[in-house]
Structure formats: C-alpha cells, structure tokens
Amino acid sequence: MKVLGLIGSPRIKGNTAKLVKEILADASENGAEPVVYNLAKMNLSGCNACSACLKKGTCILEDDMQELYRKIEETDVLVLGSPVYMREISAQAKPFVDRLHPFVHDSSKPLAGKRLVLAYTQGNPNVDTYGKYFEYMEGIFSHVGFDVKCTVAAAGTIGVDDILEQEELLVKAREIGKNL
Ligand SMILES: Cc1cc2nc3c(=O)[nH]c(=O)nc-3n(C[C@H](O)[C@H](O)[C@H](O)COP(=O)(O)O)c2cc1C
C-alpha cells in the first residue's frame, strides 16, 4: 500500500505536520511506505484557468504539482493536512486543491478507489466550530473523485506543540492510520 502525506502549514514542525505524521505512523507499521511533502516548501502556482486540462486531460503548468500528480497517480491513500486560516484551508493548501481540477473532467476517473483522510488543526478550542466547512470540503474531494474516508480535527492548537498534549486525539489519529 502506498501512502502520500501532504502538509499545508508554513510551520514545518507545527501541529498540522504532527497530526499528519501521527496518522501515517501506524500506516507505516503496517507495511505502508509513506511519502510526505510540505506544500509550503513547494513551488505550486494557482490554476491559471487556461483550460488545457479540459482538452488534454492534464495540467500544463510546469511546477512542483507535476511531481504531486505523479505521486497521486501511484498512491493508494492520501492524507491531506491543513491548518484553519480565516475559517478555511491555508493559502499553502489551496493551490493544491484547485490544481485537482483536471481530475473532475477525466472520464476515466483516475482517483477512483484512492482513499483520502482530511486532517485539520485550528486555534478555536471548539472542535465543532468548522464542522459544516469540513463536511463541505469532503464533498469537494468526493466530487474530484477521491474515496473520502474521514476528517479529523485538532482544536485549540495555537502553540507549535500544543497537539502533543491531546493524547486522546493522537490515539484517534493513529487508529485512523491503522485502519487505512
Ligand atoms: C493567518 C492565520 C489565520 C488563522 N485563522 C484561524 C481561524 O479562522 N480559526 C481558527 O480556529 N484558528 C485560526 N488560526 C489558528 C491556526 O489554525 C492553528 O493555530 C493551527 O493549529 C496552526 O497549525 P500549525 O501549528 O500547523 O501551524 C489561524 C492562524 C493563522 C496564522
């Protein structure tokens, strides 16, 4: 089983990275080979709306998304993590999501059967605050073609290591990874 982890936080060792890595930890113990990228370190342009993907089926923008397209093609599982910024995903994660547009129009459904876990961290201590938004995001990823497995969110994570104090959540994250 191949597993891809993407972290959409500029705090490279922050809560989002820790949450994604926790999910991946047990996936690895079960023989998976996780490949992890931090989107904040990658050169990812926004979609330029050239519509080439509608004609060719693929994106023609030559940046690091090309490597991610290859990794998505190979992977069985994607774990995508983002901090909540201004009540939505981060600017680092957003270009990645927009650049999934070619898959929406690909009638061969290349993402079918690829499992997706969405992982968020938020400063707000109430884990239900962005529940509707997280549901909406699950809908987007289903529309793109992923088999959306679940969403997990860490709340009240402001300091860079705050998530480490949330033992119950970390156990839940590991369980998710184990069941992938
Ligand atoms: C620009 C910015 C905007 C933020 N907006 C929100 C928000 O709307 N709601 C919220 O709960 N937390 C918000 N936060 C807090 C982060 O979501 C939270 O601290 C998160 O765990 C950071 O993840 P990291 O440790 O991986 O960087 C914001 C933080 C920043 C820097």
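Going by the numbering used here, the first residue of the sequence shown is number -17, and it counts up by one from there.
All C-beta atoms, glycine included, are put in the ideal place defined by N, C-alpha and C.
Straight-line CA distance for residue i to residue j?
i: Val17; j: Pro65; result: 20 Å
i: Leu127; j: Leu146; result: Per the sequence presented here, residue 127 reads as Gly, with Leu not at that position. Their backbone Cα atoms lie some 33 Å apart in a straight line.
i: Lys23; j: Glu70; result: 20 Å
i: Leu151; j: Ser27; result: 33 Å
i: Gly63; j: Thr133; result: 10 Å
i: Met68; j: Met(-17); result: 35 Å
i: Phe85; j: Ile54; result: 11 Å
i: Pro77; j: Thr40; result: 16 Å
i: Lys(-5); j: Gln48; result: 25 Å
i: Glu44; j: Tyr51; result: 11 Å
i: Lys37; j: Leu93; result: 19 Å
i: His83; j: Asp144; result: 34 Å
Return the chain-ordered list of same chain residues with a C-beta closer than 8 Å to the C-beta of residue i, the five sequence neighbours on each side being excluded.
i: Ile140; result: Gly105
i: Ile42; result: Cys32, Ala34, Cys35
i: Asp80; result: Gly28, Cys29
i: Glu157; result: Asp8
Classify residue i as helix, strand or coil using the three-state DSSP reduction.
i: Gly63; result: strand
i: Lys91; result: coil
i: Leu(-12); result: strand
i: Asn106; result: coil
i: Cys132; result: strand
i: Leu82; result: coil
i: Glu44; result: coil
i: Val142; result: coil
Is residue j closer than 8 Å to residue i when the C-beta atoms are compared?
i: Ala155; j: Val109; result: no
i: Leu98; j: Val130; result: yes
i: Asp8; j: Gly159; result: yes
Got a sec? Which residues, its chain only, sit under 6 Å from residue i by beta carbon, not counting five neighbours each side?
i: Gly(-13); result: Val2, Leu6, Pro16, Val18, Val61
i: Phe123; result: Leu98, Val130
i: Ser72; result: Gly(-10), Ser64, Pro65
i: Thr57; result: Lys(-16), Leu(-14)
i: Leu162; result: Ala9, Val59
Can you find the residues in the same chain that come closer than 7 Å, C-beta to C-beta, to residue i, ignoring five residues on each side of it along the sequence?
i: Glu120; result: Leu100, Val130, Thr133
i: Tyr115; result: Arg69, Glu70
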